[in-house]
Amino acid sequence: MSVFSHPEFDNHQHLSFVSDEETGLRAIVAVHNTNRGPALGGCRMFPYASDEAALRDVLRLSRGMTYKSALANLDLGGGKSVIIGDPRAHKSEALLEAMGRFLEQLGGLYIAAEDSGTSVADLQVMGRHTRHVAGIAARPGFDGRHSNGDPSPATAYGTFVGLKAAVAHQLGRSDLEGLKVAVQGIGNVGYRLAQLLSDAGAKLWVHDIHSDAVARAVDELGATAVAGDEILGLNVDVVAPCALGAVLNDQSIARLQARVVAGAANNQLELARHDQALSQRGILYAPDFVINAGGIIDVCYERNGHDAEAVRRHVETIGDTLGEIFARASLTQQPTGVIANRLAEERFKPGREKGDLQVA
Ligand code: NAD
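One point on numbering: in the UniProt record's numbering, the residue at position 123 of the sequence shown is 123, and numbering is uninterrupted.
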C-alpha cells in the first residue's frame, strides 16, 4: 500500500495509523492542511473491505474538508478520521475511549466530529479523554430552538440560502413563490429544507426510499410524492439532491429538465467531469461542498461560545460565496466546481486573507 505516492495523497500534512491491541481499535487520522487552523472533520466508522479502501476514503474526505472550511471562511483546516470496523458489531466504550486518548496525543492538530457510523454520544465518550472533539454540546440553536449539537438544521438553512442564490443568478428572481422544486431524500436535512421552501411558497415534489418520510412531506407540506429516480428528471425549476452521492452522472444529467441543481448531499458528482457536463447543458450547479457547509459552521461556533445569531449570519454568507462563484463561472465560462476549488485554494494556500472566525 503506497502512502506518499498514493493518487489521493495530495500533499497531506499528517497521517496517523492508530492501533490498540486491547480494544481492537484500528483507525487512520488524516490531516490535509492546517494553514487556516486546526483540522476539523468527522470521525467515520465503517467496515472497510481493506486498509487500502480506508486510506483512500480518509484521504479524499480530509482534503474535501480543507476546501469546505476555506470556502465557508472558517479558520479551520481539513482533516478526517476513519475507524475500521462495523459500528454495530465492533463499537465499544473502551474502543471509543482509546480513540479519545489518541486524539489527545495529537494535541489539537485534528478535532473530531460525528460522521456516519458515529454519534454525538460516541464523541462524548471520546471526549472523556480529550477536548479535541466537536459538535457534542447542547446549545441554543441558530434558529432559536434548542439544539443537541446536531448540525442538520444549520445545513438545511445554508442549503436554503444557497438555493435562493442559485435561483437569483440563474432564473433572475428573488422570491420563491410558486417555484417548482424536486427534493431527493427527505431525511434530517431534506425535510428541513423542504419546510423552509414550503414556508417560502415553493411547490414541492419529493422522493425517499422510506415511505413514511414521503408521507410526512405530503401530509405536512403539501408535497407531491414521486416514484424512484423520476425525481431527477421532473419538469421543475430546481432539483435538490439531499440523499446520497454520485447522483449527477451521465444518465441523470441527460434527463435533467431543471435549470438549477442545489442540494445538500455530499459528493453529488459521480466524476469530476460531470461538473462540465452540467455547465454544457446550461444547468447551474451549486457545488455541494459550498452549499452544505452550514453544519461545519455550526460546529465551529460551538467552540466559540454558542453565539446563535452569529451562526445564522455566518451561514447566510454561503449565499454570497455562491454568488461570487456563479459570477466568476459566468464570466470565465467555466464550471462552478472548478471555480469553487480555485476560490478555496486562494483562501487556504499561503498569503491568503484571514477569515472572520478563529478556533481556540
Ligand atoms: P439522513 O440519513 O437523515 O437522510 C437521508 C435520506 O435520504 C433518508 O431519509 C434516506 O431514506 C434517503 N435516501 C437514501 N437513499 C435514497 C435514494 N436512493 N433515493 C431517495 N432517498 C434516499 O441524512 P442527512 O443528515 O439528511 O444528510 C443528507 C445528505 O446531506 C447526505 O449526503 C449527507 O452526507 C449530506 N450532509 C449532511 C449534513 C448534516 O448536517 N446532516 C452536512 C453536510 C452534508
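Beta carbons are placed, not taken as given, at the ideal position from N, Cα and C, and that holds for glycine. For clarity, every value in this text was computed on a predicted model and none was experimentally measured.
Look up residue i in the DSSP assignment and say whether it is helix, strand or coil.
i, result
"His90", "helix"
"Glu8", "coil"
"Ser81", "strand"
"Gly355", "In this prediction, Gly355 scores a pLDDT of 47, lower than 50, which makes its location untrustworthy; no coordinate-derived value is stated."
"Ser2", "coil"
"Asn341", "helix"
"Ala360", "With a pLDDT of 36 at Ala360, under the threshold of 50, the modelled position of this residue cannot be trusted, and the question is left open."
"Tyr67", "helix"
"Asp51", "helix"
"Asp122", "helix"
"Asp75", "strand"
"Ile231", "helix"
"Ser174", "coil"
"Thr179", "It should be pointed out that residue 179 corresponds to Leu in this sequence rather than to Thr. Leu179: coil per DSSP, three-state reduction."
"Gly117", "coil"
Give the range of the alpha helix (DSSP H) segment to which residue i is assigned.
i, result
"Asp20", "That residue, Asp20, is in no alpha helix (DSSP H); its beta strand (DSSP E) goes His14 to Asp20."
"Gln170", "Ser152 to Leu171"
"Asn327", "A small correction: the amino acid at residue 327 is Ala; Asn does not occupy that position in the sequence shown. Element bounds for Ala327: Ala308 to Thr332."
"Ile28", "Segment Leu25 to Asn33 is the beta strand (DSSP E) holding Ile28; no alpha helix (DSSP H) there."
"Gln251", "Asp250 to Arg255"
"His132", "Careful: His132 lies outside any alpha helix (DSSP H) and carries neither H nor E."
"Val299", "Gly294 to Glu302"
For the putative contact between residue i and residue j, defined by C-beta atoms under 8 angstroms, what is the C-beta separation to the nearest angstrom?
i, j, result
"Leu256", "Leu221", "About 23 angstroms; that fails the 8 angstroms criterion."
"Leu253", "Leu284", "Reading the sequence as shown, one finds Ile at residue 253 and not Leu. In fact, because the Cβ distance is near 13 angstroms, the residues do not count as touching under 8 angstroms."
"Gly294", "Thr118", "Contact doesn't hold; Cβ gap of about 20 angstroms is too wide."
"Ala329", "Thr336", "5 angstroms"
"Ala258", "Val236", "5 angstroms"
"Val31", "His6", "That belief does not hold up - the Cβ atoms of Val31 and His6 are roughly 15 angstroms apart, past 8 angstroms."
Taking the alpha carbon of residue i as the point to measure from, which residue in the options has its own alpha carbon closest?
i, options, result
"Thr224", "Lys349, Pro287, Leu163 and Lys203", "Lys203"
"Gly305", "Asp199, Gln276, Ala137 and Ser279", "Ala137"
"Ala217", "Gly228, Val238, Gln184 and Asn249", "Gln184"
"Glu309", "Lys68, Phe142 and Asn267", "Phe142"
"Ala200", "His210, Leu176 and Leu271", "Leu176"
"Gly187", "Gly64, Glu230, Leu163 and Leu244", "Leu244"
"Val133", "Asp320, Pro7, Leu61 and Lys80", "Lys80"
"Ala94", "Asp20, Ala264 and His146", "Asp20"
"His210", "Gly294, Phe9 and Tyr191", "Tyr191"
"Gly127", "Ser116, Gln105 and Val261", "Gln105"
"Asn148", "Ile339, Asp298, Arg44 and Asn11", "Asp298"
"Arg26", "Leu71, Phe102, His32 and Val226", "Phe102"
"Gly85", "Val3, Ile28, Ala39 and Ala329", "Ile28"
"Leu248", "Asn235, Val236 and Asn266", "Asn266"
"Arg88", "Val290, Gln334, Gly263 and Met45", "Met45"
"Ala121", "Gly108, Ser92 and Ala182", "Ser92"
"Pro287", "Leu331, Leu343 and Tyr301", "Leu343"
"Glu97", "Leu55, Ile111, Leu123 and Cys242", "Leu123"
"Thr155", "Arg347, Ile318, Leu331 and Glu324", "Ile318"
"Ala166", "Ile291, Pro153, Val206 and Ala54", "Ile291"
"Val226", "Val260, His207 and Ile296", "His207"
"Gly323", "Ser2, Cys300, Ala262 and Leu59", "Ala262"
"Gly41", "Asn73, Val58 and Arg347", "Val58"
"Asp51", "Arg303, Ala113 and Phe17", "Phe17"
Who does residue i pair with in a DSSP beta bridge?
i, result
"Arg139", "Ser147"
"Gln184", "His207 and Pro241"
"Gly41", "Ala112"
"Phe102", "Answer by DSSP bridge pairing: none, since Phe102 is not bridged."
"Leu269", "Leu248"
"Ala225", "Val206"
"Leu284", "Val260"
"Phe348", "Note: Phe348 sits in no beta bridge, so no partner."
"Phe46", "Ile84"
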